[in-house]
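Undergrad:
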Amino acid sequence: GNVTSISFCENRHSIISASDNGSIHVSRIEYMNAGSHLKYGKFERVREMVLEDGEYITNINHYNTELESVVVMSSSQGNICGFDLRTMKIVWKLDTSPNFGYVSAFAINPSNYWLCSGTSKGVMTLWDIRFSLPVSTWAHPSLAKINKMKLFPSTTSPDKNYLSESKQVLCAIDNDNNELSSWNVETKQCTEIWYSEKYNSSRKFYDNGLTAIEPEATSTMLPTVNTNNSKKHKNSVNSFTFLDNNNYYSFFKLQLPFIVSVGSDKRIRYWDQLNVDQSMILNGVEMEDQNISYKTYQKNSTILHSESSNFESCSSMTLNSSTSSIGNIPLHYANYNASSKKLNGHMDAITDVTYTVVPYPLIISSGRDGIINIWK
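Numbering (this note's numbering), first residue to last: 6 to 381.
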């Protein structure tokens, strides 16, 4: 079958993967500490499960407690559960409502015992995993699918460097203007937005910031997962990444310096969290990208960061040097030419992105065209 989701577990030396044929595999990478570096051995499968009745896993994550190694999974039939790899038993299960669409994304904060789920209809639900009960439910005003959700450090909290204390989730919204929005799960308020102003199909939602609405419940039928990517919006964020390791914060003395987002418009966007006007498109640019500017403004309690382009201007907002930076981490652009398409990298939608910090910083992107690019 096709792999639907993958996650590291057990101190990042095991990988758990799920397939659309209902199978779930846990594989361990043998390693040994050879002085100053790790030496890796063979890749061995250590656990295997198969779901029944055509059900399969759509999203997967993992966390450890003192007694449990818990895999968090959402399925094509709307179930969300925590499964202990040590006892091979379900430790908790959440009963989602089919009225709100299928679960397309979730973020979990195990230290504070909550999980936030997002659906194909833009509905977000905060859950208390100790009692398997929903705490609150709200919806994005566009009612668009939530493509990805991740625990996000708060930019206003004094402990913003620590994800374990965060009450924020960052969401990639499938609403045709490359929106990323950060939501406070406690207050149900949108605190910050990053979007492309040139795709103005959803700007009406930003007139007064971004206000959550009551979710619609129009159908009692179990929703089905739509795997047809051609129905996705032309300009939506599929995935994003940011510096989320506390050790990196301490070592590099960074404070939420960047977000990198990718999507169906084949672009890799770097959002600078300290100086938004230093944000940019990292890969090769088209003609309409030749004069891009970034600005920050506020509507009510929501901070908005927008990307806009001016077609009439002759000036160019391209890189003027061969070296840029993500916070204090250098990114080198060898032979960069903004008018050339050689560094576009992807001929189709970009589906995922991640980064490395050591031994040196890299951005890794994967596309629907089957290409995996490594950007230095």
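Don't be surprised by glycine CBs; every beta carbon is placed ideally from N, CA and C.
Predicted model, so just to flag it, every value in this text is computed and none were measured.
Assuming Ile-62 contacts Ser-10 under a Cβ cut-off of 8 angstroms, what Cβ separation, rounded to an integer in Å, is found between them?
TA: Here residue 62 is taken as the residue at index 57 of the sequence shown, counted from 1. Here residue 10 is taken as the residue at index 5 of the sequence shown, counted from 1. So it is a contact: roughly 6 angstroms between Cβ atoms.
Undergrad: Quick check on the DSSP output: the beta strand (DSSP E) that includes Asn-66 runs from which residue to which?
TA: Looking up residue 66 in the sequence shown gives position 61. Counting along the chain, the beta strand (DSSP E) containing Asn-66 begins and ends at 62 to 69.
Undergrad: Please classify His-18: is it buried, with 16 or more other beta-carbons within 10 angstroms of its beta-carbon, or exposed?
TA: In the sequence shown, counting from the first residue as 1, residue 18 sits at position 13. Exposed: under 16 other Cβ atoms inside 10 Å.
Undergrad: Less than 7 angstroms between the C-beta atoms of Val-96 and Gly-87, yes or no?
TA: As a first step, residue 96 is located in the sequence shown; it is residue number 91 there, counting from the start. As a first step, residue 87 is located in the sequence shown; it is residue number 82 there, counting from the start. In this structure, Gly-87 lies closer than 7 angstroms to Val-96 by Cβ.
Undergrad: With burial defined as no fewer than 16 other Cβ atoms inside 10 Å of the residue's Cβ, what is the status of Ser-169: buried or exposed?
TA: Against the sequence shown, residue 169 aligns to sequence position 164. Looking at its Cβ environment, which holds fewer than 16 other Cβ atoms inside 10 Å, Ser-169 is exposed.
Undergrad: Name the residue from Ile-355, Asn-280 and Met-154 whose alpha carbon lies nearest to the alpha carbon of Val-267.
TA: In the sequence shown, the residue the question calls residue 267 occupies position 262. Residue Ile-355 is the option with its Cα nearest to Val-267.
Undergrad: Helix, strand or coil for Tyr-45 per DSSP?
TA: By one-based count along the sequence shown, residue 45 stands at place 40. Strand.
Undergrad: Give a single yes or no on whether Trp-276 has its beta carbon closer than 6 angstroms to a heavy atom of the ligand HEM.
TA: Among the ligands in the structure shown, none appear at all, so the ligand HEM cannot be discussed.
Undergrad: Near Ile-218, what residues of its chain come up, given a Cβ to Cβ distance below 6 angstroms and the 5 sequence neighbours on each side ignored?
TA: One-based indexing of the sequence shown puts residue 218 at position 213. Around Ile-218: Ala-144 and Pro-146.
Undergrad: Among Asp-25, Met-37, Ile-20 and Ser-24, which residue has its Cα nearest to the Cα of Val-31?
TA: On the sequence shown, residue 31 is found 26 positions in, with the first residue counted as 1. Nearest C-alpha to Val-31: Ile-20.
Undergrad: If we call anything under 7 angstroms between Cβ atoms a contact, is Gly-27 one with Val-55?
TA: By 1-based counting over the sequence shown, the position of residue 27 is 22. By 1-based counting over the sequence shown, the position of residue 55 is 50. Yes; because the gap between Cβ atoms is below 7 angstroms, this pair is in contact.
Undergrad: How big is the Cα-Cα spacing for Lys-304 and Tyr-200?
TA: As a working note, residue 304 is residue 299 in the sequence shown. As a working note, residue 200 is residue 195 in the sequence shown. Using only the alpha carbons, I get a separation of about 14 angstroms.
Undergrad: Are Ala-177 and Val-242 touching if we call contact CB-CB under 7 angstroms?
TA: Here the question's residue 177 lines up with position 172 in the sequence shown. Here the question's residue 242 lines up with position 237 in the sequence shown. Yes, they are a contact pair.
Undergrad: Pick from Ile-198, Asn-240, Glu-221 and Gln-194: whose alpha carbon is nearest that of Asn-389?
TA: The requested residue 389 does not occur in the structure, where the chain is confined to residues 6 to 381.
Undergrad: Specify, as a first and last residue, the run of the beta strand (DSSP E) that Phe-136 falls within.
TA: Residue 136 sits at position 131 when you count from the first residue of the sequence shown. Per DSSP, Phe-136 belongs to no beta strand (DSSP E) and is neither H nor E.
Undergrad: Closest to Thr-126 by CA distance: which of Pro-103, Gln-278 and Trp-132 is it?
TA: Against the sequence shown, residue 126 aligns to sequence position 121. Residue 126 is actually Lys in this sequence, not Thr. The shortest Cα separation from Lys-126 among Pro-103, Gln-278 and Trp-132 belongs to Pro-103.
Undergrad: Would you tell me roughly how many angstroms separate the C-alpha atoms of Glu-73 and Asn-64, rounded to the nearest one?
TA: Residue 73 sits at position 68 when you count from the first residue of the sequence shown. Residue 64 sits at position 59 when you count from the first residue of the sequence shown. Distance between the alpha carbons of Glu-73 and Asn-64: 20 angstroms.
Undergrad: Which class does Tyr-211 belong to by DSSP, given the choice of helix, strand or coil?
TA: As a first step, residue 211 must be located in the sequence shown, where it is residue number 206. Correct three-state label for Tyr-211: helix.
Undergrad: So Val-96 is in the beta strand (DSSP E); what residue range does that whole segment cover?
TA: For the purposes of this step, residue 96 is taken as the residue at position 91 of the sequence shown. Looking at the DSSP string, the run of the beta strand (DSSP E) that includes Val-96 is 94 to 100.
Undergrad: Just to check my reading of the structure: Ser-284 and Glu-202 have Cβ atoms closer than 8 angstroms, yes? What is that Cβ distance to the nearest angstrom?
TA: Position 279 of the sequence shown, counted from the first residue, corresponds to residue 284. Position 197 of the sequence shown, counted from the first residue, corresponds to residue 202. At roughly 13 angstroms, the Cβ-Cβ gap does not stay under 8 angstroms, so Ser-284 and Glu-202 are not in contact.
Undergrad: In chain order, what residues of the same chain have a beta carbon less than 6 angstroms from the beta carbon of Glu-184, not counting five sequence neighbours either side?
TA: In the sequence shown, the residue the question calls residue 184 occupies position 179. Cβ within range, chain order: Ile-178 and Tyr-200.
Undergrad: Between Leu-156 and Ala-110, which are expected to be in contact by the criterion C-beta below 8 angstroms, what is the C-beta distance as a whole number of angstroms?
TA: Residue 156 sits at position 151 when you count from the first residue of the sequence shown. Residue 110 sits at position 105 when you count from the first residue of the sequence shown. The Cβ separation is near 12 angstroms, so there is no contact.
Undergrad: Taking C-alpha atoms, which residue in Lys-98, Glu-221 and Thr-124 lies nearest to Val-108?
TA: Indexing the sequence shown from 1 puts residue 108 at position 103. If we check each option's Cα against that of Val-108, Thr-124 comes out closest.
Undergrad: Which of the three DSSP states, helix, strand or coil, is assigned to Ser-116?
TA: The residue labelled residue 116 in the question sits at position 111 within the sequence shown. Three-state result, Ser-116: helix.
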